[in-house]
Amino acid sequence: MKRILPLFAGFALLLSACGREDLSALNPQGPVAKQQFDLMVIAITIMSIVVVVVFSLSIYVLFRFRRRKGDKSIPKQVEGNHTLEIIWTVIPIVLLIILGIPTVQTVFSQAKDYSDDPNAIQVKVTSYLYWWEFEYPQYGIKTAQELVVPTDKKIMFELTAGDVKHSFWIPAIGGKIDTNPGMTNRYYLEFPKEGVYRGKCAELCGPSHALMDFKAKSVSPESFDKWVEAMKAPAVMPADPAIAEAFQAKCLSCHAVGDQGGSAGPNLTGIGSRQTIAGILYNSDVVADPQKEDKTTEENIKEWVKDTQKIKPGNLMPSASDLGLTQEELDGIAKYLAEYKLDY
Amino acid sequence: MATHATHAHAHAHAHAPVKRYSGILDWLTTVDHKKIGILYLFAGLFFFLVGGIEAILIRIQLISPMNDLIPADTFNELITMHGTTMIFFAAMPIIFGLMNAVVPLQIGARDVAFPFLNALGFWTFFFGGLLFNISWFIGTVPDMGWTSYVPLAGPDYNSGVGVDYYVLGLQISGIGSLLGGINFMATIINMRAPGMTFMRMPMFSWATFITSIMIVFAFPALTVGLVALMFDRLFQANFFDVNAGGNTVIWEHIFWLFGHPEVYILIIPGFGIISEVVSVFAKKRLFGYSSMIFSMVLIAFLGFMVWAHHMFTTGLGPVANALFSIATMLIAVPTGVKIFNWLLTLWGGSIRFTTPALFAIGFIPTFVMGGVTGVMLASAPADYQYHDSYFVVAHFHYVIVGGLLQGLFAGIHFWWPKMFGRMLNDTLGKWTFWTFYIGFHLTFFVQHFLGLLGMPRRVFTYLPHQGFDTMNLISTIGAILMGVGTVILVINMIQSWTKPKGVANDPWEDGRTLEWTISSPPPEYNFKQLPLVRAYDVWWKEKMDGNREVPPAEPVGPIHMPSPSILPFVMSVGLFVAGFGFMYKLHWLAIAGIGVTLVCMAVRSLFDDHGFHIDPEEEVHA
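Chains as they are written, first to last, in the working numbering: chain A, 25 to 368; chain B, 127 to 748.
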């Protein structure tokens, strides 16, 4: 047992701090991911005992008993050994019990339903081809693509799919849960550390499955309350009446800002504050670590709407020409949306 | 069990004329398990190359972030075709090929119990595989993953014929698998040579027996699922349409009820091969024979109890997740037992590193690594992170490629001289082994980490700056190396036919089982006289007792052989044509195709064919 602890620690060290803080399951930033990571460490520790035994036996056997040149002798034919059979049956069973007990405990603890807990934030997640909708029934607000949550509460998710199966995964915060059409799943996560975390779709849903990224932004409780208030505010329309008219006619049939518009597409309220456009075009003027290929929010919006199929093949948003948007209208709408920020 | 002996006496004075075809017609009409084994092997190898090219294209697309070599929809087609082809049209047929080539010889039989069905099994597999792969050229290609989840695979979101190619191709070739399972069960139960009790049967035959039972229980589940999906897609049924009261999760249950036993169907023959090869090349009997059998039985049984571990994240609830976690972990126990028994077989032996031995020895640590990640995956909460990520891709490639495929390569090299009368070149074999093995680990080891770092699976590309780039590059390089290894194997096979036939009965010199007592390749009737089996490892026992051959169990006499027939081929063509009819809604074509099949079945049923006799003294057939 004295040797197991350092082995444990060794593996924890090996696996820890591995990968991006906002993305890696090996770098858990929340208690759910941490518990899942701990199970990984237990599993790999006990399994490494098996691997070490098997590998050393193999290597020893292959060297010690290789046939020497010209050796025609017949080795002793051994039928078996009852004691050994018992040993290598019982020891693995013991090892599995070591993994099995915390597994069952965690299965039940992570299945807790906080839907009726007044201290939990309820979020309804609906997955679509190829975007994510987040509704906060307690506040009567809906947003898309970027989940905003406070650091001090449990977030209870109620998940469903709007079309085909998808799967909701924020690796740094916790494991994934599938979204099934016609059914709801319940799952909770906690986001104690402020930051922006990457979310991925984890169920093949079509050509742009790989591009269905979303974000989870964990903010202080005060900041969260300000965000909710800002989301509830009435719609801010474009200043220019021509642009406002184009926006109303050509965008608000599917999209919504504030209290105006439709719900077939992602909610655009405060889109200027979001990390990305369409989940994968990073806004250089918003993200903390812009890369040289990233463009501004305004440029990203224009690039997206100009040719949505090029950015996300198979997605359901019409491109600018399908919508009858002139370049002038597109420029105006892009600028308006990029400036549509929420103060929180 | 001396059915053939009594037959010989009864028909001694009523010889039907010997019926043989030659050339292509011989191969199209054969009901000989040895020829059918060769057909399965080469069809399987052909589809393996197709699946391999698909794999290389996948890996080249993923060599760098935001690569645009392969568009997104084509990529989804590639992964779907790669997975389905490799499992159903490469691995399974090669397994059936070796079973056909070897098991009747190992149990001292002259053929399988139902030779006509055996041929039918091959041709339905072949035409199912052909139908499936023709989608590359006609119509649309399936693109919903080999697991074909609904509603993505349903009529609303996949209106082309791609999914229909999948449904019908698998349905037709599934008939073949089921027939093979029934056939080998009947063969092993009924046709073992005198003296061969179950507990004297070689391990590969035991593995075949257990696998056949699993096939008979598992494939009907797939049939049911495919019928339901077919009816949703072609006949407006609503099994999986949530708007009409259907349910999408039920597809997952039905599919994995088949799918999980399927992976044990794949690996258990591999276990059988490893037991044979390790024993022969260590010159030692298998350590713990009865444990090895019992552990395979336990794995097969437990294999039907764990399907929902593929569905931990579906939302089945904590009770289901907890139970399936425990059940899944349990399978590690009998599997571990096997690993240790193989190592103890090698212990104290005299190990010769031939190519088959290298593959068998390579299997052991690699399969253990795959099994280790299997135990990790069994823990449901941890699986919430692993599921649908590259971690799972790494796991199953470790067990299927690092495990099963290495076993198949071992078996192919081991039994090649028995099947073809020529040896594969050992130097080329070693080159195959090392390039493939190193390439394999390069490709898949890094994928464990890719999954844990946050890379989902079935993605046609990935964003830069996520820490995925280098490992994807390494993985692609490994894949190319595996391609090189495969090419060397193909060259090895081709060069073996440039040499004349003429290899000893027991070319490895340390053969232990009955197949090494007859010529390489065996005569048409396998055994001139059925052998009398006096022990486990029959041939080894006779050799140790100083005997030159295994004693016969019957006098020499005319041998009753089954007649060749073109009907299995025609029936399969009928089903193939019907498949097109169904998917393109040409009902007359569907009816015509099924009609052809039914007519053939009627012909087979109504016109008795009693086979023919070979008189081994008169005929000179090698």
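Even for Gly, the Cβ is constructed at its ideal location relative to N, Cα and C.
Quiz prompt | Within the region 505-555 of chain B, ranges of the beta strand (DSSP E) (whole runs, at least 3 residues) | solution = none
Practice problem: Name, please, each residue of chain A whose Cβ falls closer than 7 Å to the Cβ of residue 455 of chain B. | Solution: Under the 7 Å cutoff, chain A gives 120, 123 and 124.
Quiz prompt | Whole-Å CB distance - residue 170 of chain A paired with residue 299 of chain A, under 8 Å assumed | solution = 6 Å
Quiz item: Near residue 707 of chain B, what residues of its chain come up, given a Cβ to Cβ distance below 6 Å and the 5 sequence neighbours on each side ignored?
Solution: Here the set comprises 715, 716 and 719.
Quiz item: Is the region 297-311 of chain B in contact with the region 241-251 of chain B, if contact means three or more CB pairs nearer than 8 Å?
Solution: Segment contact: the region 297-311 of chain B against the region 241-251 of chain B, three or more CB-CB distances shorter than 8 Å; contact assigned.
Quiz item: Looking only at its own chain, which residues have a Cβ that is under 6 Å from the Cβ of residue 202 of chain B, when we skip the five neighbours before and after it?
Solution: 269
Practice problem: List the residues of chain B that residue 233 of chain A touches, going by C-beta distances under 7 Å, in chain order. | Solution: 584 and 585
Quiz item: Since residue 215 of chain A meets chain B, which of its residues come closer than 8 Å, beta carbon to beta carbon?
Solution: Residues of chain B passing the Cβ test: none, with the nearest at roughly 16 Å.
Self-check item: Collapsed DSSP secondary structure at residue 225 of chain A in the structure displayed
Solution: strand
Exercise. Please determine if the region 394-413 of chain B and the region 533-542 of chain B are in contact, where contact requires at least 3 C-beta pairs separated by less than 8 Å.
Key: yes
Self-check item: Cβ-based neighbour list, residue 621 of chain B, same chain, cut-off 8 Å, excluding 5 preceding and 5 following
Solution: 551 and 554
Quiz prompt | At least 3 beta-carbon pairs within less than 8 Å: the region 377-395 of chain B vs the region 432-442 of chain B | solution = Put simply, the region 377-395 of chain B touches the region 432-442 of chain B. At least three CB pairs are less than 8 Å apart.
Quiz item: Should residue 505 of chain B be labelled buried (16 or more other beta-carbon atoms within 10 Å of its own) or exposed?
Solution: buried
Practice problem: Can you have a look at residue 212 of chain A and say buried or exposed, based on whether 16 or more other CB atoms are within 10 angstroms of its CB? | Solution: buried
Quiz item: Mind checking residue 734 of chain B: buried by the 16 CB within 10 Å criterion, or exposed?
Solution: exposed
Quiz item: Are the region 72-91 of chain A and the region 629-646 of chain B touching, with three or more C-beta to C-beta distances below 8 Å?
Solution: No contact exists between the region 72-91 of chain A and the region 629-646 of chain B.
Self-check item: Nearest neighbour of residue 837 of chain B, chosen from B:175, B:192, B:178 and B:694 [CA to CA]
Solution: What is shown of chain B runs 127 to 748, which leaves residue 837 of chain B out entirely.
Quiz item: Between the region 619-639 of chain B and the region 561-576 of chain B, do three or more beta carbon pairs fall short of 8 Å?
Solution: No, the region 619-639 of chain B does not touch the region 561-576 of chain B.
Exercise. Can you give me the Cβ contacts of residue 228 of chain B inside the same chain, cut-off strictly under 7 Å, excluding the 5 residues immediately before and after it?
Key: Excluding positions up to five away in sequence, the list reads 330, 541 and 641.
Quiz item: Apart from the five residues on each side of it in sequence, which residues of its chain come closer than 6 Å, Cβ to Cβ, to residue 139 of chain B?
Solution: Residue placement at residue 139 of chain B is poorly supported in this model, since its pLDDT is 43, which falls under 50; the coordinates still yield a value, given next. Within the same chain, residue 139 of chain B has no close Cβ partners at all.
Quiz item: Where residue 168 of chain B and residue 217 of chain B are concerned, what is the direct C-alpha to C-alpha distance, given to the nearest angstrom?
Solution: 11 Å
Quiz item: Around the C-beta of residue 591 of chain B, are 16 or more other C-beta atoms found within 10 angstroms, so that it is buried, or is it exposed?
Solution: exposed
Quiz prompt | CB of residue 562 of chain B within 8 Å of CB of residue 608 of chain B, strictly | solution = yes
Practice problem: Could you tell me whether the region 444-458 of chain B touches the region 514-534 of chain B, using the rule of 3 or more Cβ pairs below 8 Å? | Solution: no
Practice problem: Within its chain, find whatever has a CB closer than 6 Å to the CB of residue 150 of chain A; leave out the 5 residues flanking it on each side and keep chain order. | Solution: 157, 184 and 186
Exercise. Compare the Cα-Cα distances from residue 632 of chain B to each of B:675, B:662 and B:610 and report the closest residue.
Key: B:675
Quiz item: Excluding five sequence neighbours on each side, which residues of the same chain lie with their C-beta closer than 8 Å to the C-beta of residue 161 of chain A?
Solution: Excluding positions up to five away in sequence, the list reads 146 and 148.
Self-check item: Whole-angstrom C-beta distance between residue 214 of chain A and residue 244 of chain A, which should lie under 8 Å
Solution: Contact flag wrong, Cβ pair sits at about 14 Å.
Quiz prompt | residue 146 of chain A, DSSP secondary structure in three states | solution = strand
Practice problem: Can you grab the Cα-Cα spacing for the pair residue 273 of chain B / residue 683 of chain B, in whole Å? | Solution: 52 Å
Quiz item: So residue 578 of chain B packs on residue 594 of chain B, CB below 8 Å; how close in whole Å?
Solution: That pair is no contact at about 11 Å.
Quiz item: Under a CB-based cut-off of 8 Å, is residue 410 of chain B close to chain A?
Solution: yes
Quiz item: Exposed or buried, residue 142 of chain A, counting other C-beta atoms within 10 Å across all chains shown (16 or more means buried)?
Solution: exposed
Quiz prompt | Reduced DSSP category for residue 605 of chain B - H, G, I as helix; E, B as strand; rest coil | solution = helix
Quiz item: In chain B, what lies closer than 7 Å to residue 202 of chain A by C-beta?
Solution: 439, 440 and 441
Quiz item: Residues of chain A with a CB under 7 Å from the CB of residue 491 of chain B: which are they?
Solution: 78, 79 and 82
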